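Residue numbers (my numbering), protein chains in the order written: chain C, 790 to 1567; chain F, 231 to 395; chain X, 24 to 311.
Here a beta-carbon is modelled for each residue, glycine too, at the ideal position from N, C-alpha and C.
Since this is a predicted model, take the numbers as computed values, not measurements.
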Amino acid sequence: MNAPTPPPKKRWIGQSVTRLEDLPLVTGRGRYAAAVSFPHQLYMRVVRSNYAHGRIVAIDATAARAAPGCVAVWTGVDVAHIPPIEFRPTKVQGLEPYRQHVLAQGVVRYVGEPVAVVFARDAYQAEDIADLVEVEIEPLPVIMSALETPGEFAPGLPSEPTIVRKEFGDLRAAFHDAHAVLELELKIGRHSGVPMETRGAIARYDALRDVLELHGATKRPHPNRDMIARLLGRSPSSVHCYECHIGGGFGVRGELYPEDILVCAAALTLGRPVKWIEDRRENLMACNHSREQIHRVRAAIDADGRVLGFDDEFFHDQGAYVRTHGTRVADGTASTLLGPYLVPAFRAVGHYRLTNKTPAATYRSPGRFESTFVHERVMDAIAAKLGLDPVEVRRRNLIPHAQMPYQRPMTGLGSPVVLDSGDYAAHLDKVLARVGWDELRAKVTRRREAGEAVGLGLAYFLEKSGQGPLEGVRLTVDASGAVELVTAAASLGQGVETSLAQICADGLGVDYRTVRVIHGRTDVIDYGFGANAARVTIMVGSATHIAALKLREKALAIAAEDFLEATPDMLDIIDGRITRTDRADAPTVTLAQIAQALAPAKAAAKGRAPGLTTEGVFECTQSAFPFGAHVAVVNIDRATGGVCVERYLASFDIGVAINPMLVKGQIAGSMVQGLGGALFEEFIYDADGQPLAVTFADYMLPTMSVVPDLEILLTEDAPSPLNPLGIKGGGESAITAVGAVIAAAIDDALATPGAVRQLPVTPQRLRTLLKAGIALPA
Amino acid sequence: MSNEIDITLEINGAQYPLRVEARRTLADTLREECGLTGTNSGCEHGVCGSCTVLIDDEPVRACLMFAVQAQGRQLRTVEGLAQADGQLHPLQQAFIDHHALQCGFCTPGFLMLAVSALERNPQIGDDELREVLSSNLCRCTGYQNILKAVRAAAEHMRAPAAKPA
Amino acid sequence: MKPGQFTYHAPRTVEEAVALLGEHGGSDGRIIAGGQSLVPTMALRLAQPAHLVDINGVAGLDRIEVIDGELVIGACVRHSAFERVVVDGPLGVLLKQVVHHIAHYPIRTRGTFCGSIAHADPASEWCLLTATLGARLRARSVRGERLLTEPGFFEGMMATALAPDELLLETRLPLLSADTRAGFNEFNRRPGDFAIAMALAVYRLQDGVIVEPRLGVGAVEAQPRRITAAEALLDGQPPTPQLFAEAAALAAQAVEPLDQNAETADYKRDVVRAVVARALAGAEGSHE
């Protein structure tokens, strides 16, 4: 038995190498869904409800069908046989009746709900034809708030399908023994991912292979494929999903929507490829919303500011239907309300309620932007109540390092909540040192005393990354030495190819630029669980690492046996060439030659399996928990309520950074999204349920001019023990704490603790706070 | 189609004879009729800037023009930035070097916007640069690397072509 | 979001353009110049003109000239033309100061000054400027040419005294004397957005007091207008911060802001107060 090969040197992991993905994207050769076209394709255009709630009295498609270029018009009756869109497996009972059909079946429940579809040869024409479809709706009363007493979703079905509950410890005793009890009501506004590319789906039926193709699918190609197959009555292997270049996902792209099923059904029925490209107005009213929750939280504290009991009742505004995530966002909120803090007694009661708004689901850091706002507002409230320094309050409540890994006595998304690694207090110290906290605190206070409405805030957060159950990859070196890594990963634009190539390259011993990474396809790999929950680098990366080490071992064994007079432990692979480590002048052999030696006939002659190829599987059902803290300085224009973010620091401990530049890119991007949720973005509705933010004029994304220079502190102090490389996921990294830190900084600028209870803090809301007799500095 | 008009567009120095409806936007025409899919359509109502192209060297939102209006003008799109031999424009290289793109959807619009800004004023100051770059939306990068990349490219483009030995 | 069908016309002369408008003007036909406001409404199908008269190819509409004490701005002059000083004196400086608030540069390379005037969006900076300084506007139709004046031109939200088949040929702004002080201020959520409120303050100082004050407020009501009560307060007074604050408070009371979901009337009054005070301060500081 050969001695185990030593672990490879890290040549690529940890390096900020440039991305493999970039060249086509900077030269205009990106192939996003809108660029996918097939001969004789039809364009689909969706006719959507103009009412937030109503009974469909009649749909008159006569004029539409008679219009030039109209190939078909479908209404609810034409697709009534297609089952409603499923949600992920869940232990929660009774959600099935709340699913959405691909076209409304007699009732509409949100403005934007698909009611009919038209098919034409040209997108402009399709829109003309869609305008001719007359939909008569009898309006019904609307429910526009999750705080309202639940009504009826349908006869016999309440608009509160379930309540999420989590509890541990002796809450009664905690509140009984408390030195003080704090109560807060907090609101997070409805907003969402809003990628720059709208959704798109192109379906084609390949009669030659009896395969239904869906192009534009992403995020979770295999589970999506399986659902499409079930809904349309096909075998999973006869459905292939193909990823295009993706213009951002953020959780909202890549779940299955009615439009995805409709293009597939149409391709099968109409016998022609069917293309659907969403426009922006549709996107803002039909793509998943998120975040909207109201929390009524009570905290029992001791005289030192430690939380003895945390009791939160919250109201989750799910919108009109249960979408593909079921209750996961509400569950995720409940299970992360305690963040990085040590709390002996806890209860969360989450009212999962349907309203007549666009349905909601996950958006980057789902449930955690919300729960972080809540727990950090509580920390700040403790500080105010007891006259303590807010930083000190965090210190007193953070889980001590000695208790890691720390298990909370509850489940989150069905799994135990075990915080894997991290010295939270030490990290806090690093952040404070980096920002020069004491001096900064003094400086801001002096400026405020001199009359400026300037404030400093801090927020600590715990993130969650990686989600099982497993991922597998196949790694092959071909006869030319080219390396191909086939994964079930999905790219959302985050640089997944580069990170995986770096991991593969270090494991195998090649240049990362020689690794081709295949992702987003269901026809070349059988299973996969997608790109969400910041899981790709962890899950697929770990599987890649395992495969790379296995392939390296295989190559070295053959090199030793067939080519070089050595044992594997004397050999190393550098840039694809196998060399002896003990002698400089010895003969070498390339991976290409090894691959050639494993050509089928030669391999069979020696009783070996053909091909220099291997598979790697990584199983892990636990999440890894990165963490960090944000610090912000804001300056308020008292007269208008305008907020200027003068300074911002975001820290993040990622365990191990495969590519620091890419991680920092995720931090920068997610921070700005967080800023959007803190100050700018909101899906507002009027009393009748009409959405008011349906263009970019009204739904305000942050622009460069409102973003501060971002300081990033990226640390690798707490590798995860859960995977061979020690990595945690960075995909959701800095969005989580932005709402909380901006709120804290604004409170400080107003010299009014607890002033901010609602996000986004629009100028008007801030003016209201200023005017409501709140004390201002002289 | 009842309303089709014959036009010829000059794009990146090449002639594209086309027949399009008057209502066909320049953005859609570039993508569909001309096969130049580098210019992306992010909102179709002139706010996001993903569709920015150059018309006589000035940045224009292609979704706010009809193709028929672009006849007789010199159009430049992202496909024309690199040299014929594949050598990248300094801005393109800078975007790669500084990780100024993630999903890449807004990238062509930013590249054309930045090209015009730097060509118009190679000495452009930082404040003015930020103001110009604030014209376009990005959802992935958080903007800071885009600014870094454009600054770096501006420096590179200002540097003398031949360096002393 | 594709526009509906329309017949496209590209006249080469004003006569042709006017004749086409005569034939198709009204709800049936629209002029397109910059298109930066029109095309989005067409994309959203809020506007579906059957005819589009493109005046970008009409000769002679792109002039900026000083004639008899007025700055004449032709129909096709782009916003971006004002990014350099087009005329000596405070007017040129003011135009250059204001133009940077109009959307973003790529919009300004296409959008036109006169297009904004004819479109009459309440949040248009040029409309505020025109309403505050006063203007003469030359328009032509098949019935002939006429000179309109502001005040009297803006009639409401997106409504002007132009007939549906009338082409606005040029806007004439009065030149400002060398000792004129002018200040502009607007507040919006993000630079480049439509303003929540905007103000333009113009006056001269004579013997240490304000004379000929003009104070215009825009974006909060259906159309921009001069706030005469605030002007009366300023007239003949020394320009102190307290005076400016009083004038700002008066202006905030005088306006009747449109109440909207995103911004209430009360909030808009607060912002009016801020922008008026800042515009006045800017005017005071504008004179070297």
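Exercise. Would you kindly report the start and end of the unbroken beta strand (DSSP E) that includes Gln1082 of chain C?
Key: 1082-1090
Exercise. Examine chain X for any beta-carbon lying closer than 7 Å to the beta-carbon of Arg303 of chain F, and answer yes or no.
Key: no
Quiz prompt | At least three beta-carbon pairs within less than 8 Å, the stretch 67-85 of chain X to the stretch 219-236 of chain X | solution = no
Practice problem: Could you please give the first and the last residue of the uninterrupted beta strand (DSSP E) stretch that includes Leu1438 of chain C? | Solution: 1431-1442
Quiz item: What residues in the stretch 266-290 of chain X bring their beta carbon closer than 8 Å to a beta carbon of chain D?
Solution: Absence of chain D from the displayed structure is noted, the protein chains being C, F and X.
Quiz item: Near Leu892 of chain C, what residues of its chain come up, given a Cβ to Cβ distance below 8 Å and the 5 sequence neighbours on each side ignored?
Solution: Trp863, Thr864, Gly865, Asp867, Val868, Pro903, Val904, Ala905, Val906, Pro1047, Leu1051
Quiz item: Does any C-beta atom of chain F lie closer than 7 Å to the C-beta of Ala224 of chain X?
Solution: no
Exercise. Would you give the residue range spanned by the alpha helix (DSSP H) that Ala1457 of chain C belongs to?
Key: 1449-1464
Quiz item: Buried or exposed: where does Ala1336 of chain C fall if 16 or more other Cβ atoms within 10 Å of its Cβ makes it buried?
Solution: buried
Quiz item: Which same chain residues, not among the five before or five after Asp1106 of chain C, have their C-beta less than 6 Å away from its C-beta?
Solution: Ala935, Glu1081, Thr1144
Self-check item: Glu1238 of chain C, enclosing alpha helix (DSSP H) - first and last residue
Solution: 1226-1238
Practice problem: Provide the residue span of the alpha helix (DSSP H) that contains Met65 of chain X, from first to last. | Solution: 61-66
Self-check item: Near-chain X residues of the stretch 813-834 of chain C (beta-carbon distance less than 7 Å), N- to C-terminal order
Solution: none
Self-check item: Where Ile1017 of chain C sits in the DSSP three-state scheme
Solution: helix
Exercise. Report buried or exposed for Pro793 of chain C, applying the criterion of at least 16 other Cβ atoms within 10 angstroms of its Cβ.
Key: Any answer about Pro793 of chain C is weak, because its pLDDT of 36 lies below 50 and its placement is not dependable; what the coordinates show is given next. When all chains shown are included, Pro793 of chain C counts as exposed.
Self-check item: Between the CA atoms of Leu1127 of chain C and Pro796 of chain C - distance to the nearest angstrom
Solution: Only weak support is given to the placement of Pro796 of chain C: the predicted model assigns it a pLDDT of 49, under 50, and the value that follows is read from those uncertain coordinates. Between Pro796 of chain C and Leu1127 of chain C, the C-alpha separation is close to 39 Å.
Quiz item: Start and end of the alpha helix (DSSP H) containing Ile1367 of chain C?
Solution: Ile1367 of chain C -> not in any alpha helix (DSSP H); beta strand (DSSP E) instead, spanning 1366-1369.
Quiz prompt | chain C residues whose Cβ lies nearer than 9 Å to that of Pro214 of chain X | solution = Thr1492, Ser1494, Val1495
Quiz prompt | Within chain X, partners of Tyr1031 of chain C - CB distance below 8 Å | solution = Per Cβ cutoff of 8 Å: no residues; Tyr1031 of chain C is ~26 Å from chain X at best.
Exercise. Quick one: give me the first and last residue of the beta strand (DSSP E) that Pro247 of chain F is part of.
Key: 244-251
Quiz item: Per DSSP, Ile773 of chain C forms a beta bridge with which residues?
Solution: Chain C is shown only over 790 to 1567; residue 773 of chain C falls outside these bounds and no answer can be derived.
Quiz item: Using CA coordinates, which residue listed in C:Val1262, C:Phe1099, C:Met1489, C:Ala1075 is at the minimum distance from Ala1150 of chain C?
Solution: C:Ala1075
Quiz item: Whose C-beta lies closer than 7 Å to the C-beta of Leu318 of chain F among residues of the same chain, with five residues either side of it excluded?
Solution: Ala312
Quiz item: Would DSSP call Gly259 of chain X helix, strand or coil?
Solution: coil
Quiz item: Opposite Thr864 of chain C in the DSSP bridges: which residues?
Solution: C:Ala905
Quiz prompt | Strand pairing of Ala220 of chain X, partner residues [DSSP] | solution = X:Phe210
Quiz item: Mind pulling the chain F residues with CB within less than 9 Å of Leu1451 of chain C?
Solution: His329, Gln332
Exercise. Could you please give the first and the last residue of the uninterrupted alpha helix (DSSP H) stretch that includes Trp149 of chain X?
Key: 148-156
Quiz item: What are the start and end residues of the beta strand (DSSP E) that includes Cys1030 of chain C?
Solution: 1028-1031
Exercise. Report the neighbours of Arg296 of chain X on chain C: residues whose CB is nearer than 8 Å to its CB, in chain order.
Key: Ala1428
Practice problem: Using a Cβ cut-off of 7 Å (strictly closer), state whether Leu1565 of chain C contacts chain F. | Solution: With a pLDDT of only 41 at Leu1565 of chain C, under 50, the local geometry of the prediction cannot be trusted, and the value read off the model is given with reservation. Answer no: the Cβ-Cβ gap between Leu1565 of chain C and chain F never drops below 7 Å.
Quiz prompt | Nearest-angstrom Cα separation, counted from Arg1061 of chain C out to Gln830 of chain C | solution = 6 Å
Self-check item: Proximal residues to Thr1265 of chain C (C-beta, below 6 Å), its chain only, five neighbours per side dropped
Solution: Glu1273, Thr1402
Quiz item: Any C-beta of chain X sitting closer than 7 Å to the C-beta of Arg381 of chain F?
Solution: no
Quiz item: For Glu349 of chain F, which residues of its own chain have a beta-carbon under 7 Å away from its beta-carbon, when the five flanking residues on both sides are left out?
Solution: Asp287
Practice problem: Classify Glu168 of chain X as buried or exposed, calling it buried when 16 or more other Cβ atoms lie within 10 Å of its own Cβ. | Solution: exposed
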